[in-house]
Every structure is written in C-alpha cells, then in structure tokens.
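Numbering (our numbering), first residue to last: 298 to 571.
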Amino acid sequence: MTSHDAKASDPVDAGRLGLALSELRLPTIKAVWPDLAARADKEGWPAARFLATLAEHEAAERARRRTERHLDEARLPPGETLDTFDFEAVPMVSKARIMALAAGLDWLEQGANLIVFGPPGGGKSHLSAALGMALVENGRRVLFTRTTDLVQKLQIARRDLALEAAIAKLDKYHLLILDDLAYLSKDQAETSVLFELIGSRYARRSIMITPNQPFGEWGKIFPDQAMTLAAVDRLVHHATIIEMNVESYRRRAAIEKKRGPGRPAGRATIKNSA
Ligand code: ADP
Ligand code: MG
Numbered sequence: 298m299t300s301h302d303a304k305a306s307d308p309v310d311a312g313r314l315g316l317a318l319s320e321l322r323l324p325t326i327k328a329v330w331p332d333l334a335a336r337a338d339k340e341g342w343p344a345a346r347f348l349a350t351l352a353e354h355e356a357a358e359r360a361r362r363r364t365e366r367h368l369d370e371a372r373l374p375p376g377e378t379l380d381t382f383d384f385e386a387v388p389m390v391s392k393a394r395i396m397a398l399a400a401g402l403d404w405l406e407q408g409a410n411l412i413v414f415g416p417p418g419g420g421k422s423h424l425s426a427a428l429g430m431a432l433v434e435n436g437r438r439v440l441f442t443r444t445t446d447l448v449q450k451l452q453i454a455r456r457d458l459a460l461e462a463a464i465a466k467l468d469k470y471h472l473l474i475l476d477d478l479a480y481l482s483k484d485q486a487e488t489s490v491l492f493e494l495i496g497s498r499y500a501r502r503s504i505m506i507t508p509n510q511p512f513g514e515w516g517k518i519f520p521d522q523a524m525t526l527a528a529v530d531r532l533v534h535h536a537t538i539i540e541m542n543v544e545s546y547r548r549r550a551a552i553e554k555k556r557g558p559g560r561p562a563g564r565a566t567i568k569n570s571a
C-alpha cells in the first residue's frame, strides 16, 4: 500500500515511520515527532505548522552539532572568552571594534587579516582565542594553533612532497590563528613554509597573528630579508591592526594582590597602574 491509498483516519505505523526517518537521516524528527504529534493533535495544529515545527527542530539540532564539531576542531584554549576578557585593562582596545570583528561577516569574506601586537602577558592569546570562539559560534570555522606546531606539520608535509595539499586543506578554516609567531626559530626552512602559507591565503582566507615584536624587528627573527618583507606586505595589505600597549596582565594582577586589602577596586587599580 502506498500513502496515496491511505485514509486520513488510518493509524500511522510508527515503526515504519521511524525506519524511514532513520534512512532519511532525520534523527531529531525521529526523536521528537511522537510528543509533538500528540501535542499538535491535542491543540489542533494545522498540518503545515506541525511539519514546520518538526523541520525547525531538525535544523536547530544540526546547527548545534555543527557548531560543536567546529568548536572541537578549533582547538581553542579553554576559558579564554570575550566574557572573561577584561576590556578595562586594555583601554586602547575598543570593545565595540572587537565585537564587530567577532561578528566576522565582512573581513572574513574578504580574507582580511588581524594582527594583535603587544608584550608577553598582555592578553594577545586570550583575545584571539576569544575572538575565535565567537566566530565559531557565529558559524565560521577557525583553527587556533601555536605557530611552531603548524610550521612543524607543514615541514613534515613538505618532506613528503605534500605541502601544497596540506596548505589547501587549511582552506576550510575561515580563520587561522597563528599564536606566538615570534617564538619561531630562525630556521630558513621553517620560515619558508610559513611564508608559503601566508602567500597562499593572501586576499582569500584570513590569518590572525599575535607577534610580540613590531614588524621592524622581524628582520632579526627571520633570516631572509626579501621574503620577510614580502610576507609582511601581504599580511598588512588587508589587515586590522590592534596594539595592546599594556604591561603584562599577570604581572599587574600579581602587583594588585601584593598590595593587599584596603586597596581600591581591582579593575580600577589595574587600569591606573598601567
Ligand atoms: P599574551 O598572549 O599576550 O602573552 P595572554 O593572553 O596569554 O598574553 O595573557 C596572559 C594571562 O593573562 C592569561 O591567563 C590571560 O587570560 C590573562 N589576561 C591577559 N589580559 C587579560 C584581560 N584583559 N582580561 C582578562 N584576562 C587577561
Ligand atoms: Mg600568547
């Protein structure tokens, strides 16, 4: 019997429906339809509303699972979110600007870059991880990695004559967060895979870097001057640059603590000591 022959009053074979929903890969509808159907019957929903509600459940659950997968693959350090980032400690960083970047619509479309300068302990990693998390929650794909770890992987790929493929595989990420750029060793081979990555993503896919030295010092970090200049050029061409000109947050927090009780409110003091 096909459904064309069915009468409205015929009972539904729940077992068969369950199998069909599994085959169609609609696990959420399969899970929620009995309760929803009972409610729809009781409240007299039109059929279209029932169907729309089922579809919404499936779509919402899929989006939730996708975000979960993307959060997983992003390898973000735990706990470093925008909520836990104290913007008052970095008055030169505009919260509104960071929130606009976290929405991620335009700059990621354009493959623009983000460069966060600041001394060690200034909050660069925290801010970039927090931005990464917000972007994943907004449906983008992100990879957070220490620069040396990624460079090592790319060097292995090159040894296996698979560098191009390895770089292409990173295209699925709208944003690569290369943390601790300055701790790369001065090895020519290391920098050349990094610069190839930068060249490949240029104006297509975004990179975020967190150098603790200004570009002027890069000539000392990287061996090949011409290659370094070209890479810096590509990085800054479509880039937002954020300067975190603050003393180490940890150091300031420690000084705070030492001052002991009776001090003014933590936040205000941290700001004033900057
Ligand atoms: P950097 O990457 O610039 O060396 P981190 O982001 O690792 O600095 O910051 C060092 C520590 O201080 C981290 O534990 C971080 O969470 C914390 N921290 C730094 N800046 C802030 C801030 N503005 N608000 C809250 N925590 C911060
Ligand atoms: Mg860091």
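Built from N, CA and C at the ideal position, the CB exists for glycine as well.
Computed from a prediction, not measured in an experiment: that's the story for all the values here.
Does DSSP classify residue i as helix, strand or coil?
i	result
E544	coil
T442	strand
L432	helix
F347	helix
L373	coil
V533	helix
F512	helix
D383	coil
F519	coil
D403	helix
M524	helix
S503	strand
L368	helix
L321	coil
I believe residue i touches residue j by the beta-carbon criterion, under 8 Å. Please report the beta-carbon distance rounded to the nearest angstrom.
i	j	result
L440	L473	5 Å
Q522	V490	About 18 Å; that fails the 8 Å criterion.
N540	M389	Before going further, note that residue 540 is Glu rather than Asn in the sequence given. The pair is a contact, with the Cβ atoms about 6 Å apart (cut-off 8 Å).
L478	M505	Contact doesn't hold; Cβ gap of about 10 Å is too wide.
A643	L373	With the chain running from 298 to 571 in the structure shown, residue 643 is simply not present.
F347	A356	That pair is no contact at about 15 Å.
L424	F382	6 Å
In whole angstroms, what separates the C-alpha of residue i from that of residue j?
i	j	result
V387	L351	46 Å
H471	A335	43 Å
R531	T445	20 Å
W515	T525	7 Å
E406	E544	34 Å
A400	L432	6 Å
T364	L428	15 Å
T378	L398	14 Å
P375	R443	15 Å
V309	E493	60 Å
K466	L321	29 Å
D403	K339	47 Å
D369	D468	17 Å
F384	A349	42 Å
D457	K450	11 Å
R394	K421	15 Å
E461	F519	22 Å
R438	R362	13 Å
G341	K304	19 Å
G513	A371	31 Å
R502	K517	27 Å
A500	T488	20 Å
R498	K392	27 Å
A345	G312	23 Å
L333	S306	18 Å
H354	A360	10 Å
Closest to residue i by C-alpha separation, out of the options, would be which residue?
i	options	result
H534	D332, G418, A409	A409
T507	K517, G415, A500, H354	G415
N435	P324, A305, H367	H367
A528	G496, W404, H354, K450	G496
R549	G418, G341, P308	G418
Q510	A454, R438, V413, K469	V413
E358	T325, A486, A344	T325
L314	S306, Y499, K304, P331	P331
Q485	K304, R501, V448	V448
ask   = Listed in chain order, which residues are found with a beta carbon closer than 6 Å to a heavy atom of ligand 2?
value = Each of K421, S422, D476, D477, T507 has a C-beta closer than 6 Å to some heavy atom of ligand 2; these make up the full list, in chain order.
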